[in-house]
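Worksheet for the structure shown next.
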Amino acid sequence: MTRRERVIAAIRHQETDSTPYTVDLTGQARDRLLDYVGDPGYIDRIGTHVISAGYRQAEEIRPGYFRDRFGVVWNRTGVDKDIGVIDSLLIPEPTLENWELPVLEEEAWRTQIEHALATSDGRYVMASVGFALFERAWSLRGMENVLVDMVAEPGFVDEFLDALCEFNLRVIDIALEYPIDGIHFGDDWGQQKGLIMGPGHWRRFIKPRIARMYERAKRGGKFVSQHSCGDILELFPDLIDIGLDVYQTFQPEIYDIAAVKREFGRDLTFWGGISTQRALPFLSPEQIRRLTRDTVATMRPGGGYIVAPTHAIPGDVPPENIVAMVEAMKEQ
0 MTRRERVIAA IRHQETDSTP YTVDLTGQAR DRLLDYVGDP GYIDRIGTHV ISAGYRQAEE
60 IRPGYFRDRF GVVWNRTGVD KDIGVIDSLL IPEPTLENWE LPVLEEEAWR TQIEHALATS
120 DGRYVMASVG FALFERAWSL RGMENVLVDM VAEPGFVDEF LDALCEFNLR VIDIALEYPI
180 DGIHFGDDWG QQKGLIMGPG HWRRFIKPRI ARMYERAKRG GKFVSQHSCG DILELFPDLI
240 DIGLDVYQTF QPEIYDIAAV KREFGRDLTF WGGISTQRAL PFLSPEQIRR LTRDTVATMR
300 PGGGYIVAPT HAIPGDVPPE NIVAMVEAMK EQ
């Protein structure tokens, strides 16, 4: 089977010759890994099964500060060199009076998708809509402000999220013109235990707009995957109801992965399972190999699993542990 065929079979809950896998690295982890292996071609030979085209890009406007396509400036001078922290709010008050959506950079988006397709080399190709709704809202307005607005200014939140949703639908429509396999959404809703905004506010504000985006992708014949860090267990029935195919991060420090597989594994494919929080930074290489093999053994039966770290691997993970995980992924 090709890598693409394995991923699609997994999403369709079919068993494969080996379990598909992905490995995503932060810049710091990538640099440490390449220094360790002493081979600049190593990462290309990892064999990750998925390639992504992402609309959310940023340009450096001064050393360590990056402006994204919504105008948000991210300060990456601290520990986090990949995302950073917001430098200032573009919507300081609960009104859109002095703010408007950015121009959709269609040609740049098409270039990203075309590059992913041209370099796919037998991999599953997805178009990624990062900061899909809640994250984009708080990046512009501020996390605490958005949560307060859900209670104090619900009309503003409706108007705000509708505008963001309409923008994303245009992004999706362009992606649907291409022979990609899936649309991937990134939007963190969970914390270590439970939802950031609570289930009621998620269903009131987030679900209707996410459902529209899922529906647009499904109508275009694409699989739908969702990244959300944290504990979103109580949302799985809702997400299944609105058409989600794949849930990504799947943190074993949060979920009983065997129990979740039993309860939801007929409807969802799980992507992740190797903890970047509790396992990869701290265990020995042999323990990482064993953990990877054991996780695959638990999750693989009946398909519906893509083995991966639970997030882009951070810079504090020993590179020998990354190598051990990759070896175990390739051997299974």
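Note that numbering that gives the first Met the number 0 numbers the sequence shown so that position 304 is 303, with each residue one more than the last. Don't be surprised by glycine CBs; every beta carbon is placed ideally from N, CA and C.
Range of the contiguous beta strand (DSSP E) that encloses residue i
i           : result
residue 225 : 222-226
residue 308 : 304-308
residue 252 : First-last for residue 252: undefined, no H or E at that position.
residue 58  : 57-61
residue 72  : 72-74
Cutoff 8 Å; reference residue i; Cβ partners in own chain excluding five residues on either side
i           : result
residue 208 : 132, 160, 161, 163 and 164
residue 192 : 230 and 253
CB contact flag (residue i, residue j, <8 Å)
i           : j           : result
residue 195 : residue 188 : yes
residue 19  : residue 305 : yes
residue 7   : residue 180 : yes
residue 334 : residue 86  : In this structure the chain extends from 0 to 331, so residue 334 is not present and cannot be described.
residue 301 : residue 12  : yes
residue 198 : residue 148 : no
residue 253 : residue 272 : no
residue 231 : residue 297 : no
residue 267 : residue 303 : yes
residue 17  : residue 125 : no
residue 136 : residue 128 : no
residue 278 : residue 22  : no
residue 324 : residue 275 : no
residue 342 : residue 240 : With the chain covering only 0 through 331, there is no way to say anything about residue 342.
residue 201 : residue 175 : no
residue 332 : residue 90  : For the chain, the structure presents residues 0 to 331; residue 332 sits outside this window and is missing.
residue 288 : residue 326 : yes
Supposed close pair residue i, residue j - CB separation, criterion 8 Å
i           : j           : result
residue 309 : residue 225 : Not confirmed; about 14 Å, so no contact.
residue 166 : residue 238 : Not quite, the Cβ-Cβ distance comes to about 22 Å (not below 8 Å), so this is no contact.
Start and end residues, alpha helix (DSSP H) containing residue i
i           : result
residue 185 : Not the alpha helix (DSSP H): residue 185 falls in the beta strand (DSSP E), residues 181-185.
residue 149 : 142-151
residue 35  : 26-36
residue 108 : 105-117
residue 235 : 235-240
residue 20  : Run containing residue 20: none; DSSP gives neither H nor E here.
residue 293 : 284-298
Nearest to residue i (by Cα), restricted to the options the options
i           : options               : result
residue 88  : 141, 264, 61 and 330  : 141
residue 246 : 252, 223, 11 and 325  : 223
residue 280 : 33, 28, 190 and 263   : 28
residue 111 : 202, 170, 290 and 139 : 170
residue 119 : 241, 236, 3 and 262   : 3
residue 322 : 264, 32, 184 and 100  : 32
residue 294 : 211, 328 and 114      : 328
residue 37  : 270, 331, 319 and 241 : 319
residue 156 : 210, 46 and 203       : 203
residue 24  : 177, 114 and 41       : 41
Spatial neighbours of residue i in its chain, beta-carbon cut-off 7 Å, leaving aside the 5 residues before and after
i           : result
residue 104 : 68
residue 227 : 186, 187, 188, 189 and 248
residue 58  : 65 and 66
residue 70  : 89 and 101
residue 216 : 171, 182 and 223
residue 331 : 17, 18, 292 and 295
Own chain residues within Cβ distance below 6 Å of residue i, not counting five before or after
i           : result
residue 108 : 54 and 173
residue 212 : 167
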